[in-house]
Structures are given as C-alpha cells and as structure tokens.
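K.L.:
Below is a structure I'd like to ask you about.
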Amino acid sequence: MRRRLGHHRQHGKQGGVGGRGLLLKLLIAVSVVLLICTLSLLFSATTTATNGSNAPSEINVEKLWESANSGGWRPSSSPRTDWPSPPKETKGYLRVRCNGGLNQQRTAICNAVLAARIMNATLVLPELDANSFWHDDSGFHGIYDAEHFIQSLRFDVRIVERIPEIHKNGKTKKIKAFQLRPPRDAPISWYTTEALEKMKEHGAIYLTPFSHRLAEEIDNPEYQRLRCRVNYHALRFKPHIMKLSESIVDKLRSQGRFMAIHLRFEMDMLAFAGCFDIFSSTEQKILKKYRMENFAKKTLIYKERRAIGKCPLTPEEVGLLLRAMGFNNSTRMYLAAGELFGGEHFMKPFRALFPHLENHSSVDSSEELAANARGLIGSAVDYMVCLLADIFMPTYDGPSNFANNLLGHRLYYGFRTNIRPDRKGLAPVFTAREEGQTASFEEAVRRVMLKTNFGGPHERISPESFYTNAWPECFCQVETQNPDDKCPSENVMQMLHSQLESENMDSEIYNQSDSVVSLAER
C-alpha cells in the first residue's frame with residue numbers, strides 16, 4: 000500500500016487538482032479497509048473467547064437435578080405394526096443358560112425372548128449361571144418375578160417353567176435338549192437355519208453359554224421394541240427386593256435429593272483395563288496375577304491406556320470432576336460398588352471432597368442384604384437405587400453391563416440425568432494437573448463435560464450399545480410428521496389382548512376336532 004500510495008503522490012505533483020482528488024479517494028478507501036479489518040479482528044477475538052479452547056464454561060448444576068429435555072419424545076415399546084400373537088403350536092423348546100453378572104444375564108434374557116420369537120419357539124424360563132461369576136444360586140425365581148415375566152410377554156412368546164414330559168402309550172418320555180454353542184453376536188439367520196434345524200430334529204435345544212449371542216443391531220424396529228418390553232417391563236425384581244430398594248430410596252429422599260455413583264474401581268475391571276501404574280508394587284502383582292488368570296495375554300502400557308480413555312477414573316478424579324462441575328460438599332451420594340481395590344487409601348481424597356456418602360449397607364442393615372451384599376440381591380438393590388436416583392454417574396461405562404443397562408433404563412424411564420465422564424477428553428486435563436498445571440483445571444474439565452450428553456435423546460453411534468440407548472426404536476412422538484416415530488394407539492394392549500383371546504379360542508375349537516396333535520403328544 001505504501002508503494003502504491005507513493006506512486007500516486009508522484010502523479011499528484013504532475014496532475015494538479017485531479018491527482019489530489021484521486022489521492023483523497025485512495026485515502027478514504029484505505030481507511031474503510033482498515034476499519035473492516037479491525038472490526039473483523041475484534042469479532043474473531045470475541046468468537047474465540049466465547050467458543051474457543053480458552054472459553055470460560057459454566058454448567059448449570061441446578062438443571063442437572065432435573066430430567067433432561069425430552070425434545071417431545073416419550074418411551075414406547077408397544078408394537079406399531081401387525082404383531083401376531085404366538086401360535087398355540089411352536090417349533091420346539093428353547094433353553095438358555097445366562098452367564099455372567101446380573102446385568103449381563105439381563106441382556107441375555109432379553110436376547111433369549113427375541114430368539115424364541117424369531118424361531119417361533121416356546122421359551123423355557125432362562126437359567127441364571129450360579130458359578131462363573133457370583134457363586135449365587137438364587138436363580139430366576141430368586142431374583143425376578145417369574146409370574147409377572149410370563150404374563151407380561153404373553154403377546155410375544157410362549158414361556159414355560161420347564162420342558163414338559165411326553166406321555167404316550169402309557170409311557171413317560173423326557174425331551175432331551177440338544178446342546179449348541181451360539182456364535183458371539185450371531186445374526187438372525189443363524190437362529191432361523193442352524194438352530195431351528197436342530198430344534199425341529201430334537202424338539203428342544205439348549206444354548207450355552209448365552210451372553211452376547213444375538214446381534215444387537217437388527218434392522219427390525221419391532222424386534223428391538225420387544226427387547227425393550229422385556230428389559231423395561233417384563234423383568235421386574237421380586238417384591239421383597241423392590242420393597243427393600245424403595246425403602247432405601249425413601250430414607251435417602253427424606254434428607255433431600257441424591258446422586259448415585261457406580262464407582263467401578265474394583266480388581267476385575269482394573270485388571271481387565273491394564274491400569275496398574277498408580278498402585279503399589281504389591282497391588283500391581285495382585286492385579287497382574289488376576290489378569291493372567293482371567294484374561295488374554297496382551298501388552299498394556301498405562302500411559303497409552305489412560306490417554307485413550309481405557310482406565311477407570313480413580314475416586315479422587317471423580318471427586319475433582321464433580322467439584323469442577325459445580326457440586327459442593329453438601330451433595331449427598333449413594334455409592335454402588337463392589338469392594339474397591341486399594342481400599343481407604345484411594346477413598347480418602349474423595350471423602351474429603353464429598354463427606355455425605357452412603358451405600359446400601361449404611362442405609363439398610365437388614366440381615367438379608369448383609370448376607371447378599373456381594374451377590375445378585377445386593378446388585379439388584381443397587382440397580383434399583385441407581386435407577387431412581389436424581390442423578391446417576393458411572394465412572395467406567397466401557398464393558399460395564401451394570402452402567403450400560405442403567406443408562407438405557409434411565410433414558411427410557413424419562414430421560415433422567417446421567418453424568419458420563421469423557422475419560423479420553425479428561426485424560427490430558429488430569430495429567431496436566433498432576434504435572435502442576437492447576438490454574439485452569441476446573442475450567443478445562445467443564446469444557447470437556449459440556450460436550451457430553453446428560454441424558455437426553457441422542458443418536459446411537461457405535462460402540463454405544465442398544466441396551467445403553469434404545470432411541471429412537473423404543474420412543475415415540477405424539478406430534479410428528481414421520482409415521483415411523485408416531486406413538487401407537489392408546490388401546491394397543493387391549494387390541495393385542497383381544498387378538499390373543501380370539502386366536503386361543505380358534506385354536507381350542509380346532510384342537511377339539513382332533514386335527515392337530517400337540518408336540519407333547521407326539
């Protein structure tokens with residue numbers, strides 16, 4: 000600009016008034032350009048201060064105590080298209096053995112019901128593995144309301160307590176189920192071909208183990224809604240477990256609102272994650288031994304694992320995170336956790352930040368709970384308290400079935416607030432703090448957490464599980480232009496009941512003519 004301006008000045012000496020006029024115009028143009036540039040820089044700086052990495056971020060804690068914005072969605076798992084009742088005659092009997100912990104078994108039960116529907120099979124009440132995880136022989140009848148389970152799913156599948164005996168020619172014969180090991184995340188086609196073929200051949204099949212043995216992502220919304228009907232309606236804990244859970248919640252609520260935290264800092268998860276370096280040499284030996292005995296051999300480097308969000312948050316990190324978000328030391332918390340590895344050494348900093356801590360043992364000292372605190376009943380009570388809490392926070396929702404199922408259940412229960420730490424996003428923030436960079440720590444935590452979902456409807460993106468987020472299949476809208484999202488008729492259950500009654504009546508009339516012989520009479 001200076002060279003061009005100088006050039007015009009030289010012409011100005013030669014051109015008189017015309018040159019000076021041109022110079023004036025150029026000066027005005029330059030001033031306008033400079034003004035625009037200045038305004039642009041100011042706007043850019045303002046935008047950076049508002050949205051950039053250095054932006055101060057605030058989280059409205061009071062709003063977190065309320066349910067998240069539903070966006071006009073509400074839970075609905077009723078059928079929305081033609082959904083025939085299960086026929087009187089099925090292809091055979093399906094037995095399953097659900098292995099793992101309470102919530103791994105829960106998803107397996109949902110999958111078993113769907114598999115029975117897909118195969119047109121009669122489901123035998125699922126078996127709960129007593130040995131591999133809990134060493135608890137409560138069984139289905141000891142945890143769930145079996146009568147409610149069978150009755151709730153009468154429009155979907157036929158369920159029996161056990162495979163009936165065959166009575167023929169004065170003799171009694173038992174049907175022996177053919178044992179099969181389903182592939183992990185087996186597609187529907189496996190059930191309609193290989194499994195169904197064996198069922199027709201033997202009259203019954205026994206699928207074991209049955210954990211994660213049916214693909215989660217199925218391109219059939221009605222099948223997914225059946226999973227939701229099982230998970231959120233049919234699977235109800237036994238009355239005494241529900242009463243015990245409600246009693247604990249009532250005692251907690253008598254002192255105000257509370258947050259439930261699933262503090263996943265237990266030996267099995269730490270060994271699985273390979274996060275050893277923060278422990279003493281003795282503790283590291285214990286974790287490494289457990290990993291060697293229970294998991295596949297793999298070289299795991301702590302710094303790398305932590306950087307990608309694979310390490311559970313420590314109790315102190317959980318406390319620092321919540322304080323940075325704006326929760327103060329009067330916040331009341333319910334801890335759902337097994338035996339914390341490292342003990343009081345790791346809990347002490349957390350207690351210093353949040354002294355009002357409870358668990359099911361401190362709130363309720365009943366003998367039944369004390370005797371089953373580490374078994375299925377203790378886990379069931381923790382599940383219900385976390386479901387009914389004002390806020391739920393899982394500290395490690397990677398392979399944790401407990402956390403994942405609860406996140407999904409709370410979403411279905413009315414978009415109840417969940418705090419899901421972004422461990423990968425938080426890793427460099429905590430690392431910087433450990434290195435002495437504490438000045439902007441809380442602000443950095445808030446910036447990370449503001450990018451997370453606090454319990455509202457959101458798109459399911461892998462690796463998020465269907466059981467963690469059943470939106471949109473198991474939700475609907477009253478007012479919508481999309482027919483797929485429209486809520487079904489209010490009397491849908493009455494219609495299904497009438498349909499089932501009609502089909503049963505037709506079946507009974509047909510059976511009286513001796514045209515059909517049941518499987519048990521063959």
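Residues in the sequence shown are numbered from 0 upward in steps of one, following numbering that gives the first Met the number 0.
We put the beta carbon where it would ideally sit given N, CA and C, even for glycine.
Assess contact between the segment 111 to 122 and the segment 411 to 422, defined as three or more Cβ pairs (one per stretch) separated by less than 8 Å. Is contact present?
P.N.:
The segment 111 to 122, when compared against the segment 411 to 422, does not touch it at the 8 Å Cβ threshold.
K.L.:
Just confirm the distance between the C-beta atoms of A335 and G407, as a whole number of angstroms; I'd bet it's less than 8 Å.
P.N.:
Not confirmed; about 16 Å, so no contact.
K.L.:
In three-state terms, what does DSSP make of V32?
P.N.:
For V32, the predicted model reports a pLDDT of 45, less than 50, meaning its position is unreliable; a value from the coordinates is still stated below. Reduced to three states, the DSSP call for V32 is helix.
K.L.:
For the segment 210 to 288, which segments carrying the alpha helix (DSSP H) assignment without a break, of at least 4 residues, lie completely within its bounds, in sequence order?
P.N.:
220 to 228, 238 to 252 and 266 to 272
K.L.:
Could you give the distance in angstroms between the alpha-carbon of S292 and the alpha-carbon of F340?
P.N.:
Position check: residue 292 holds Glu in this sequence, whereas Ser was assumed. Looking at the two C-alpha atoms, the distance is approximately 18 Å.
K.L.:
In terms of alpha-carbon separation, which member of G255, P181 and Y412 lies closest to H232?
P.N.:
Answer by Cα proximity: Y412.
K.L.:
Using the rule of at least 16 other Cβ atoms within 10 Å of the residue's Cβ for burial, across every protein chain shown, is P393 buried or exposed?
P.N.:
buried
K.L.:
Assuming F465 and R459 are in contact, meaning their beta carbons sit under 8 Å apart, how far apart are those beta carbons, in whole angstroms?
P.N.:
7 Å
K.L.:
Could you tell me which residues DSSP puts in a beta bridge with L179?
P.N.:
L206
K.L.:
Have a look at L312, R73, E57 and A431 and flag the residue whose alpha-carbon is nearest the alpha-carbon of R415.
P.N.:
R73
K.L.:
With DSSP run on the structure shown, which of helix, strand or coil describes I390?
P.N.:
strand
K.L.:
Roughly how far, in whole angstroms, is the beta-carbon of A137 from the beta-carbon of L375, given that I think they are within contact range, below 8 Å?
P.N.:
A small fix is needed here, since residue 137 is Ser in this sequence, not Ala. Yes, S137 and L375 are in contact; Cβ-Cβ is about 5 Å, under 8 Å.
K.L.:
Does the beta-carbon of E160 have 16 or more other beta-carbons within 10 angstroms, so that it is buried, or is it exposed?
P.N.:
It counts as exposed.
K.L.:
If you run the structure through DSSP and keep just helix, strand and coil, what is C473?
P.N.:
coil
K.L.:
Touch check for the segment 344 to 354 and the segment 312 to 328: three-plus C-beta pairs under 8 Å?
P.N.:
yes
K.L.:
By alpha-carbon positions, which one of M268, V248, M266 and L269 ends up nearest to A259?
P.N.:
Just measuring C-alpha positions, the residue of M268, V248, M266 and L269 sitting nearest A259 is V248.
K.L.:
Please say whether F236 and I142 have beta carbons closer to each other than 9 Å?
P.N.:
yes
K.L.:
Is there contact between the segment 58 to 66 and the segment 168 to 187, where contact requires at least three CB pairs shorter than 8 Å?
P.N.:
no
K.L.:
Taking 8 Å as the cut-off, does the segment 122 to 130 touch the segment 89 to 108 (at least 3 CB pairs, one atom from each stretch)?
P.N.:
yes
K.L.:
Quick check on R116: does DSSP put it in helix, strand or coil?
P.N.:
Assigned with DSSP and collapsed to three states, R116 falls in helix.
K.L.:
Just how far apart, CA to CA, sit P181 and R263?
P.N.:
30 Å
K.L.:
On the CB-based measure, 16 or more other CB atoms within 10 Å of its CB, does I508 come out buried or exposed?
P.N.:
Caution is warranted here: a pLDDT of 34 is assigned to I508, below 50, making its placement in the model unreliable, and the coordinate value is therefore given only provisionally. Exposed, since its Cβ has fewer than 16 Cβ neighbours within 10 Å.
K.L.:
Unbroken alpha helix (DSSP H) runs of length 4 or more, entirely within the segment 129 to 164: which are they?
P.N.:
138 to 142 and 145 to 151
K.L.:
For the beta strand (DSSP E) that Y333 lies in, which residues bound it at each end?
P.N.:
M332 to A335
K.L.:
Whole angstroms is fine: what's the gap from A252's alpha carbon to P83's?
P.N.:
Note on residue identity: the sequence assigns Arg, not Ala, to residue 252. Rounded to the nearest angstrom, the two C-alpha atoms are 44 Å apart.
K.L.:
As a quick exercise: from L234, E126 and E343, pick the residue whose alpha carbon is nearest that of Q150.
P.N.:
L234
K.L.:
Taking buried to mean at least 16 other C-beta atoms within 10 Å of its own C-beta, is E196 buried or exposed?
P.N.:
exposed
K.L.:
What separation, rounded to the nearest whole angstrom, lies between the Cα atoms of C109 and E433?
P.N.:
44 Å
K.L.:
For a cutoff of 9 Å on Cβ pairs, would you count P482 as touching chain C?
P.N.:
Included in the structure is just one protein chain, with no chain C present.
K.L.:
Within a Cβ cutoff of 6 Å, which residues of the same chain sit near P456, ignoring the five residues on either side of it in sequence?
P.N.:
G70, W72 and W470
K.L.:
Output needed for M266: all residues of its chain with C-beta closer than 8 Å, excluding positions within five of it in sequence on either side, in chain order.
P.N.:
I285, L286, Y289, E338 and F340
K.L.:
Please list the segments of the alpha helix (DSSP H) lying wholly inside the segment 429 to 469, counting only runs of 4 or more residues, in order along the chain.
P.N.:
Those alpha helix (DSSP H) runs which fall completely within the segment 429 to 469 and span 4+ residues are 440 to 448.
K.L.:
With respect to the alpha helix (DSSP H) encompassing R94, which residues constitute its N-terminal and C-terminal limits?
P.N.:
Run containing R94: none in the alpha helix (DSSP H); it sits in the beta strand (DSSP E), Y92 to C97.
K.L.:
Could you tell me how far apart the beta carbons of D128 and R96 are, in whole angstroms, since I believe they sit closer than 8 Å?
P.N.:
6 Å
K.L.:
If you pair each beta-carbon of the segment 182 to 195 with each one of the segment 208 to 228, do three or more pairs fall below 8 Å?
P.N.:
yes
K.L.:
Which residue from S365, C473 and N481 puts its Cα closest to that of R228?
P.N.:
C473
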